Amino acid sequence: MIEKENIVYERSVLIGVVTQYQDEEKSKEYLDELEFLTYTAGGEVIKRFSQKLDTPNPKTFIGTGKMEQVLNFVKENNIDTAVFDDELSPAQQKNIERILKCKVVDRTYLILDIFAQRAKTSYARTQVELAQYEYLMPRLAGLWTHLERQRGGIGMRGPGETEIETDRRIVRDKITLLKKKLKTIDKQMEVQRGNRGQLVRVSLVGYTNVGKSTLMNVISKSEVFAENKLFATLDTTVRKVVIRNLPFLLTDTVGFIRKLPTQLVESFKSTLDEVRESDLLLHVVDISHPNFEDHIASVNQILDEIEGADKPTLMVFNKIDAYQPEKIEEDDLVTEKTAAHNTLKEWKKTWMNRVGDDVLFISAINKENMEEFRKKVYEAVRKIHITRFPYNNFLYPEYDKYTGEEKE
Ligand SMILES: Nc1nc2c(ncn2[C@@H]2O[C@H](COP(=O)(O)OP(=O)(O)OP(=O)(O)O)[C@@H](O)[C@H]2O)c(=O)[nH]1
Ligand SMILES: [Mg+2]
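Residue 142 is where the sequence shown starts when you use my numbering, and the numbers rise one by one after that.
If you want it as C-alpha cells, here you go:
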C-alpha cells in the first residue's frame, strides 16, 4: 500500500459543510487547514466549496444542487481530486465518485496518505499500513458493486460476491499479520523504554507544525527533521538532556490534529505510549496560529483518550516572533474587539493567567526566552525527581542557587 514517492501536484477542490454551531470564520479556518493538508499530501487547491447544512446528506454528504455546482466546476477545470472535510461513509464515497467521476478523498484518507508519505522506519510504516487497511476494510464492498449492478437480479450470488469475500479475507489476513508484527515491535519498544532507567521522562506534545522538533533541536542540540508542512515527525526521537547538572530524557513525537483518524490513534498506540508513560509534558502551542485555542482543545482531547491528560504539564507558547494581533484603526468605531486583537500582554492576563506558573512564551527559532524555558523545565523536572528520590535532594538545588559548572 504505502508507496508514495513522486509528488505531482493534483488539481483539487475542497468541499466542507458549515453547521449552525460554526461561524463563517471558523469554517474558513477549518478549510485553511484542509488546504494545508491537501498541499502536504501533494494537491493544489483550485477552489473551495462549502454548504450550510446541519447534518450532512447521508447519500452524498452535500445537497444535490451543490453537488451539481461542484460537478460543473470539476468538468470545466480538469479537476483530479475532490477533497471532503470529513470522513465519508463507504456509501457516500461511492455515490459521490459515481457523480463526479474524479478521485474522491476524505479527510481521514488525506491524513493517512500524508502519514504514509512520511513514514520512514519500518515501525512507522507498519503502523500506518495497519491504519490504511483498517480504513480500507469497510470500503471494499464498494469496489465491486459496479459488477453486481451490471449483472443485476435479486439474490444473485455470483462471482462478484465471491470476489468481495476473497478480498475481504486477504485484507483481514493482512491486518492480522500487521497486528502481530506490531505486537513484536511493541514488546521490543517496551523493553527499550524499561531500560532507560530512572531518569525523569519529558515529552513534547502538541498540534502538528507548532515547532516541537525545532524546540527539541534547540534544547538537545540534535538534528530532528523540522519542516513547514504537516506531520513532519512520525518517528519518536529520545535524547538525554542535561540542564545545569540535572539529566532527563526528552522525547519528540508525532503531532496531533483535529479529528485525528481513530485508525491512527489505535495503530500508533505504542508511539503514544511514550507520551502516556512520561512524567512531564511540554505542551507546545503555535500562538501565531489564529486557531491556537482550538488546537489546545484538540490536543487535550487526544491526551484524554490516551490517558495522558492528568500529567504535570508546562504550556509552551511558541512562535511569539510571528504573533501579530489584528489591529483596529483609531477611527474604526464599528469593529468589536475580539481575542484576535489581544496583544501578548493581554493574552497573558486571560485564562493563561489562571494556569499559573506553568506557562511560557518563547520563540524556538530566535531562541527567545530560552533561559526562562530552561529554568521552568529544570524546576519541573527537579520537583519530580525529588519526589521520587527524596534522599537525592541535595544533588539538585533550585535553579538560581546552582553554583556548579554548566555541564552541557
Ligand atoms: N516563526 C517561527 N517559526 C517557527 C518557530 N519554531 C518553529 N517554527 C517553524 O514551524 C515549522 C514547523 O516546525 P516543526 O519543528 O517541524 O514543528 P513540529 O511541531 O515538530 O511539527 P510536526 O512534526 O509536523 O508535528 C517549521 O517551518 C519551523 O521552522 C518559531 O519560534 N517561530
Ligand atoms: Mg516534528
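We put the beta carbon where it would ideally sit given N, CA and C, even for glycine. Remember, predicted model here, so these are calculated numbers, not experimental data.
Between ligand 1 and I220, a heavy atom-to-CB distance of less than 6 Å is absent. If you ignore the 5 residues before and after I316, its C-beta comes within less than 8 Å of the C-beta of L271, Y274, E275, M278, all in its own chain and listed in chain order. The Cβ atoms of L155 and L178 lie no closer than 7 Å to each other. In this structure, the beta-carbon distance from F389 to V379 does not fall below 7 Å.
The stretch 229–236 and the stretch 342–362 do not touch, with fewer than three beta-carbon pairs separated by less than 8 Å. Between the stretch 416–432 and the stretch 460–469, the count of C-beta pairs closer than 8 Å reaches three or more; the two stretches touch. Taking 7 Å as the cut-off, the Cβ atoms of T392 and E415 count as close.
V365 and K324 have their alpha carbons spaced roughly 26 Å apart. Your pair V395 and F409 checks out as a contact, with CB atoms roughly 7 Å apart and the cut at 8 Å. Nearest to K517 by C-alpha distance, out of I384, K452, Q339, S361, is I384. The nearest non-hydrogen atom of ligand 2 is less than 6 Å from the C-beta of K353. Distances from the alpha-carbon of E368 to those of T349, T267, T377 put T349 closest.
Considered as a whole, the stretch 147–198 harbours 165–182 as its complete alpha helix (DSSP H) runs of no fewer than 4 residues, in chain order. Sequence-distant Cβ neighbours of K193 in its own chain, meaning closer than 7 Å and more than five residues away, are V159. For A367, the shortest separation between its Cβ and any heavy atom of ligand 1 lies below 6 Å. Secondary structure within the stretch 232–279: the beta strand (DSSP E) runs of 3 or more consecutive residues, fully enclosed, are 244–247 (chain order). When the beta-carbon positions are compared, I187 and N213 stay at least 7 Å from each other. A direct Cα-to-Cα measurement between D420 and V343 gives close to 6 Å.
A straight line joining the alpha-carbon of E467 with that of Q442 spans about 28 Å. For the options M511, I203, D226, H482, the alpha carbon positioned closest to that of P402 is the one of D226. Bounds of the beta strand (DSSP E) holding L390 are 387–393. Between S153 and V211 a beta carbon distance of about 12 Å is seen, past the 8 Å cut, so the two are scored as non-contacting. Q163 and H436 have their C-alpha atoms roughly 16 Å apart. Under a 10 Å Cβ-count criterion, S263 is classified as exposed, with fewer than 16 other Cβ atoms of the shown protein chains found around its own Cβ.
Between the stretch 448–460 and the stretch 497–504 there are three or more inter-stretch CB-CB distances shorter than 8 Å, so the stretches are counted as touching.
The nearest non-hydrogen atom of ligand 1 is 6 Å or more from the C-beta of D308. One thing to note: V346 has its Cβ no nearer than 7 Å to the Cβ of V522. L319 sits close to T267, with the two beta carbons spaced by under 7 Å. The Cβ atoms of L455 and D498 do not sit closer than 7 Å to each other.
The beta carbon of T476 sits closer than 6 Å to the beta carbons of I469 from its chain, once the five residues preceding and following it are set aside; these are given in chain order.
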